[in-house]
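Enquirer: Below is one structure. I have some questions about it.
Protein chains: 2
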Amino acid sequence: MRLLFIYPQTHRAYYDDYYFLKFFNLYILRQKGDTKMKLTLTKEDLNKGLQTIAKIAQSKTNNLQSSNGFLLKALHNVIEIQANDYEMGIKTIVPGIIEEPGETFIANPYLIELIHKLPSDSVQLCKKDTDTKLLIIGGSVKFECATMNISDFNEVEIVESGYAQFTTNSIILKDLIDHTSFACSTNTERPIFMGTHLDVEKNRINMVATDTHRLALKTYMSETPITTPIKVTIPSRLLMEISRNLPIDIPEPVTITAVRNYLAIRFSNVYIKTRLIEGEYPKYERVIPKDFQCTVTTDRAAFTSAVERVSLVVQNPQYNLIKFSFSQNQIKLMSRHPDYGVVEDLVACDMTGEDLTISFNSKYILDLLKHCHEEKIIINLRTQSPVLIKDKDDSSCVFVVTPMREK
Amino acid sequence: MRLLFIYPQTHRAYYDDYYFLKFFNLYILRQKGDTKMKLTLTKEDLNKGLQTIAKIAQSKTNNLQSSNGFLLKALHNVIEIQANDYEMGIKTIVPGIIEEPGETFIANPYLIELIHKLPSDSVQLCKKDTDTKLLIIGGSVKFECATMNISDFNEVEIVESGYAQFTTNSIILKDLIDHTSFACSTNTERPIFMGTHLDVEKNRINMVATDTHRLALKTYMSETPITTPIKVTIPSRLLMEISRNLPIDIPEPVTITAVRNYLAIRFSNVYIKTRLIEGEYPKYERVIPKDFQCTVTTDRAAFTSAVERVSLVVQNPQYNLIKFSFSQNQIKLMSRHPDYGVVEDLVACDMTGEDLTISFNSKYILDLLKHCHEEKIIINLRTQSPVLIKDKDDSSCVFVVTPMREK
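Here you go:
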């Protein structure tokens, strides 16, 4: 099964793997499991399990029918739900009563929402020997749900070890992802920038994303050092999906295992495998500016509102050019539309260094301001050079934005 | 000016009117008003006034630049905002201090949102003699807003009398609109069905809309009879815009005046003129069924949830065919998708008459259920005939839906 997780270099190789495995492994071994099944779950547990795999089960990344849908597997006293779209595989365990063990493969665009809307607290799932339908009963509702041939589903295989492994917690990992991956590129021509880079060395966990116009870097210092460094680039789309699933009410341990070309992430009842983006990530440390002409401290909320207001009137909504004039006691923001007028706003600030006027794409500034949290932020500037912005008393997260040239 | 409100039969005639009026009336008379202005308003009042005219000021129904934007007129101790898109004209009075009277025509897609986001409680608007810009100052924000040539704006002229007039209150009118206009058609081929019909005769005010597949009729019995009947069809789009502006915290008097081809509606500080749809509205009373085989009483909320659930699995999302089997104690709902399965749900009911199975487009049923309010609803049925649904203890509003033929 592991071969299937190797990012396919060509479609040809990919299909070869697929049919080879299907024939020798899945098809022969699985036929006996595809019989009957009877389970009772609470609606809440089933719903939670389905929400975990929903995005992957309903993913449209490729046209193979078998990659959509999910596998419901109730064998060996464990009810498992898994989905697999060849970029990411996800597996979760849900509590419930197994009256008859069994497994079934469901690719049904309506099921998840229907389960969510059931009028009862408990849900019964059952399938007879000869049935190709799974009967779902919840209160007054009865749904005869069509099922797929189980041999068409490629199970998410669990790998316990890789070349490196470290453990953190769900809140830290979510923080790392949420503060960085938004800054990635959406341009498919340079796939490396569509990813978020994870760089772990000794005690230092760095996560970084950039689209070459702006960059976000979050650092976390862990207590236990790692022996083998990890330097991998994960598709940001998949990382955001992982972030969505990470529990945040209490910190739960998360184990991250790096294998040659994928990453395995395990927490609570969830196991996730994601493919990696091939290629070397650029040396991001080099683009983080260190030398400044002036340093400005200002109120985050007031500055954010002013940027929002001034960005309303921009000439080209793609560039959102705003001119910022930093001086001793105030920041003047200005934007101009040739047909509609000129808007100006002022924000109080403290400044050390020289006065400076510079223009930025306000969308980038607003994006990063959403990820600052403290009352005050620090803006470090140099003429016609990238700006560095961070929270005043927290240097774990820095944002860099390149300036725009004014006409 | 009145001519401009005549629904233009041809574009040619329309332009003739336009230039004729512009030359003889507007252009000559208005130039002297187009000088300076200085006003102070609270942000809340200005914002409320702008929200009232926003949809019309930013309407895209025609390409004449002059029909977008709004006129701000502070003359004779009254600050007025008006917008006019040739289908609907709207005028509202806002409180404020006039330091220098004046008027200005603004067509700026950013202004309304910018005013909404100003950081201050009061807003100053000023314009010097020679300026073509209106300076808007609110707290730290200064906006030099471009203005248009005032002679290009066609004012909304107030007409006090028509062939018929009646007075009701804002809550009643909003109720009449909201319970009916949703049922109109969006098909431009038969414009009459894109409107909502107002039919006032003596004490009876009827509002009705239909797309020929379903119909909604709301009746209100007024205390004071009207002498001349009114039978007009108003574009539903405009009625919904009127509904949005009607105050609902307390009932405010609303005066409706019918003129030959438009309707004038006046309430609070707002005056609205809307064009009418030409042509005779079909005899809607005839399609309201009166003779039934069975009458079913059921719980509105439970029935709505069941219809929602069962509609999740439909074969053709355009028809949303659901089969309803009404019997003595229960309604069985069923829908089928050839690839994904069959879903069934049951709802308890009381029934008098014969058992009956009939199919409907669930979208129509759900639409009307949103406009029922009581705990129980009554469903009146006859084989292969339109169903009539209403609240149990309120017959002022009835909904009719035609059945679908099952394959």
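Protein sequences, first through last, are from chains E and U.
Going by the UniProt record's numbering, the residue at position 301 of the first sequence is 301; the numbering climbs one at a time, nothing skipped.
Going by the UniProt record's numbering, the residue at position 109 of the second sequence is 109; the numbering climbs one at a time, nothing skipped.
We put the beta carbon where it would ideally sit given N, CA and C, even for glycine.
Would you mind sorting serine 395 of chain U into buried or exposed? The rule is 16 or more other CB atoms within 10 Å of its CB.
Expert: Per the 10 Å Cβ criterion, exposed.
Enquirer: Under 8 angstroms by Cβ, that's how I've got valine 347 of chain U and glutamine 328 of chain U pegged, so tell me the actual separation to the nearest angstrom.
Expert: Not a contact, Cβ separation roughly 13 angstroms.
Enquirer: So which residues on chain E does glycine 69 of chain U lean against when the C-beta distance must stay under 9 angstroms?
Expert: Those do not exist, as glycine 69 of chain U stays about 11 angstroms from chain E at its closest Cβ, beyond 9 angstroms.
Enquirer: Who does lysine 323 of chain E pair with in a DSSP beta bridge?
Expert: Answer is E:Met334, E:Ser359.
Enquirer: With a threshold of 6 angstroms on Cβ separation, who are the neighbours of leucine 71 of chain U within its own chain once the five nearest residues in sequence on each side are excluded?
Expert: The residues are Gln82, Phe105, Phe153.
Enquirer: Report the three-state DSSP secondary structure of asparagine 47 of chain U (helix, strand or coil).
Expert: Of the three classes helix, strand and coil, the one that applies to asparagine 47 of chain U here is helix, per DSSP.
Enquirer: Note the first and the last residue of the continuous beta strand (DSSP E) segment covering threonine 92 of chain U.
Expert: Start and end: 88 to 94.
Enquirer: Identify, in the order they occur along the chain, each residue of the same chain with its Cβ nearer than 6 angstroms to the Cβ of leucine 26 of chain U, setting aside the five sequence neighbours on each side.
Expert: Confidence at leucine 26 of chain U is low in this model, with a pLDDT of 41, below 50, so its placement is unreliable and the value that follows should be read with caution. For leucine 26 of chain U, where only same-chain residues beyond five positions count, the Cβ hits under 6 angstroms are Ser151.
Enquirer: Using 8 angstroms as the limit for Cβ to Cβ distance, is proline 119 of chain U near chain E?
Expert: So yes, proline 119 of chain U belongs to the interface.
Enquirer: Hey, is aspartate 339 of chain E's beta-carbon within less than 8 angstroms of any beta-carbon in chain U?
Expert: Yes - at least one Cβ of chain U is within 8 angstroms of the one on aspartate 339 of chain E.
Enquirer: With a threshold of 8 angstroms between beta-carbons, can tyrosine 110 of chain E be considered close to chain U, or not?
Expert: Judged by the 8 angstroms Cβ criterion, tyrosine 110 of chain E is in contact with chain U.
Enquirer: To be precise: take each residue of the stretch 130 to 148 of chain E, compare its Cβ to all Cβ atoms of chain U, and keep it if any distance is under 8 angstroms. Which residues remain?
Expert: So the list reads Lys133, Ser140, Val141, Lys142, Phe143, Glu144, Cys145, Ala146, given in the order they occur along the chain.
Enquirer: Quick one: grab the DSSP three-state call for threonine 188 of chain U.
Expert: Residue state, collapsed to three classes: coil.
Enquirer: Do you know whose CA, among E:Asp350, E:Arg260, E:Val254, lies nearest valine 296 of chain E's CA?
Expert: Closest option to valine 296 of chain E, Cα to Cα, is E:Asp350.
Enquirer: Residues of chain E with CB under 8 angstroms from glutamate 308 of chain U, in chain order?
Expert: Those are Lys117, listed as they occur along chain E.
Enquirer: Please classify serine 236 of chain E: is it buried, with 16 or more other beta-carbons within 10 angstroms of its beta-carbon, or exposed?
Expert: Buried, because 16 or more other Cβ atoms sit within 10 Å of the Cβ of serine 236 of chain E.
Enquirer: If glutamine 293 of chain U and threonine 383 of chain U are in contact, beta carbons under 8 angstroms, what's the gap, nearest whole angstrom?
Expert: Going by Cβ atoms, the distance from glutamine 293 of chain U to threonine 383 of chain U rounds to 6 angstroms, so yes, they are a contact pair.
Enquirer: Any heavy atom of the ligand MG inside 7 angstroms of the beta-carbon of glutamate 87 of chain E?
Expert: The ligand MG is not part of the structure shown, which contains no ligands of any sort.
Enquirer: Closest Cβ-Cβ distance between glutamate 344 of chain E and chain U: below 8 angstroms?
Expert: Yes, because at least one Cβ of chain U sits closer than 8 angstroms to the Cβ of glutamate 344 of chain E.
Enquirer: Are the C-beta atoms of asparagine 25 of chain U and some chain E residue less than 8 angstroms apart?
Expert: Bear in mind that a pLDDT of 41 at asparagine 25 of chain U, under 50, signals an unreliable position, so the number given afterwards is only what the model happens to contain. No, no contact with chain E.
Enquirer: Got a sec, what are the start and stop residues for the beta strand (DSSP E) histidine 197 of chain U sits in?
Expert: Where histidine 197 of chain U is concerned, the enclosing beta strand (DSSP E) stretches over 195 to 210.
Enquirer: What number of angstroms, rounded off, separates the C-alpha of serine 335 of chain E from the C-alpha of glutamate 241 of chain U?
Expert: Their Cα atoms are separated by approximately 33 angstroms.
Enquirer: Taking 8 angstroms as the threshold (beta carbon to beta carbon), is serine 305 of chain U in contact with chain E?
Expert: Closer than 8 angstroms to some Cβ of chain E, the Cβ of serine 305 of chain U qualifies, so yes.
Enquirer: In chain E, which residues lie with their C-beta within 8 angstroms of the C-beta of residue 425 of chain U?
Expert: The question about residue 425 of chain U has no answer here: the residues shown for chain U are numbered 1 through 407.
Enquirer: Could you compute how far the alpha carbon of proline 282 of chain E sits from the alpha carbon of tyrosine 271 of chain E?
Expert: Approximately 29 angstroms, taken between the alpha carbons.
Enquirer: Grab the span of the alpha helix (DSSP H) containing valine 307 of chain E for me, first residue to last.
Expert: Unbroken alpha helix (DSSP H) run through valine 307 of chain E: 300 to 311.
Enquirer: Taking the beta strand (DSSP E) that methionine 37 of chain E falls in, what are its first and last residues?
Expert: Element bounds for methionine 37 of chain E: 37 to 42.
Enquirer: In the DSSP assignment, find the unbroken alpha helix (DSSP H) run with lysine 174 of chain E in it and report its ends.
Expert: Lysine 174 of chain E -> alpha helix (DSSP H) spans 170 to 178.
Enquirer: Where glutamine 124 of chain U and leucine 46 of chain E are concerned, what is the direct C-alpha to C-alpha distance, given to the nearest angstrom?
Expert: Straight-line Cα distance between these residues: approximately 58 angstroms.
Enquirer: Taking all protein chains shown into account, do 16 or more other C-beta atoms lie within 10 angstroms of the C-beta of alanine 301 of chain E, making it buried, or fewer, making it exposed?
Expert: Flag for alanine 301 of chain E reads exposed.
Enquirer: Could you tell me the distance, in whole angstroms, from the CA atom of threonine 257 of chain E to the CA atom of glycine 341 of chain E?
Expert: Rounded to whole angstroms, threonine 257 of chain E to glycine 341 of chain E spans 55 angstroms at the Cα level.
Enquirer: Could you give the DSSP three-state label for aspartate 367 of chain U: helix, strand or coil?
Expert: The answer is helix: DSSP assigns aspartate 367 of chain U an H, G or I state.
Enquirer: Can you give the Cα-Cα distance for isoleucine 136 of chain E and lysine 370 of chain U, rounded to whole angstroms?
Expert: If I take the Cα positions, the gap works out to 28 angstroms.
Enquirer: For asparagine 269 of chain E, which residues of its own chain have a beta-carbon under 6 angstroms away from its beta-carbon, when the five flanking residues on both sides are left out?
Expert: Contacts found: Thr92, Ile93.
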